[in-house]
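Heads up, the working numbering is the position in the sequence shown plus 3, with the first residue counted as 1.
We treat Cβ as the ideally placed atom computed from N, Cα and C, and that holds for glycine.
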Amino acid sequence: MKKINWILLIAMMLAAFPSYGQQSFASISLGASLPQGQYASSEGLTNSGYARTGGAIKFDGAYFPVSYIGIGGSFSFGSNFANRDSLLQDMITYIEESASSIIDIPDDAEILYGSGFWNYINLFVGPNFSVRPAQRLYIDVRALAGITILRAPDQELRINFDGTEIYNRTSGNKLAFGFTAGAGFRFMLNSDLALRVSADYFQSRAKFDYKFDIFRGVAEDVPPLSADFPVRAIEINLGLAYSF
């Protein structure tokens, strides 16, 4: 909430600038997705995302029926690598500590582990503030909200030792509320096309389960583990905008 209040304050300050005529725009941009907080943490399966720097692509636009204030929209896709080594070690530790009987996984156990990426798709709308302090320069500030489709990294783990097989598979999509707030500028290359640079803060929430199966003649039991934490990222993008 504090971040959105700062965005609104900046927008009011920008409105004090002398302004040239305003133009609506549509843009496409590419850039980096930098995970923040618990999303980037590797401190435990229940509250950490183990996410690393990834990429993002955005389709943004804004329509200005009046000067300064318009209706903005964003359709974006982001992807973050997973910290594979830390995630695997924490899963092995959880199995050893949580099984219904004592399990000690030896160092020479056969371990097959595959991990995918964090993926998220956003569809947001909301207010977009814009000023034009120079003839070729626009400054934009926005706060958008809507739906986020989150997909945790697809994971498949197999551990074999002394006739014991441990298996885990984690996958699935989650529909959640999300929002973004940020700022940027558009520098006009000609009357229609502009270079656009932007930085946005994105937040949603991830919830999913780790489920384990153990086979040793009779089934042992490792209780499933629920993960729940905010997904936060800073997105820095560069692209082109078409004005109309």
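query                                                                                                                                         : result
Mind pulling the beta strand (DSSP E) runs of 3 or more residues that sit fully within the region 90–155?                                     : 113–118, 120–137 and 140–154
I'd like the span of the beta strand (DSSP E) that includes residue 238, first residue to last.                                               : 228–246
What is the DSSP secondary structure of residue 81, counted as helix, strand or coil?                                                         : strand
Taking buried to mean at least 16 other C-beta atoms within 10 Å of its own C-beta, is residue 66 buried or exposed?                          : exposed
Look at residue 80 and residue 124 and say whether their C-beta atoms are less than 7 Å apart.                                                : yes
Return the chain-ordered ranges of every beta strand (DSSP E) run that is complete within the region 24–73 and spans a minimum of 3 residues. : 28–39 and 54–66
Between the region 230–244 and the region 93–105, do three or more beta carbon pairs fall short of 8 Å?                                       : no
Closest to residue 132 by C-alpha separation, out of 36, 143, 169 and 185, would be which residue?                                            : 143
Quick one, are the C-beta atoms of residue 209 and residue 153 less than 7 Å apart?                                                           : yes
Mind reading off the beta-carbon distance from residue 145 to residue 75? Whole number of angstroms is fine, and I expect it under 8 Å.       : 5 Å
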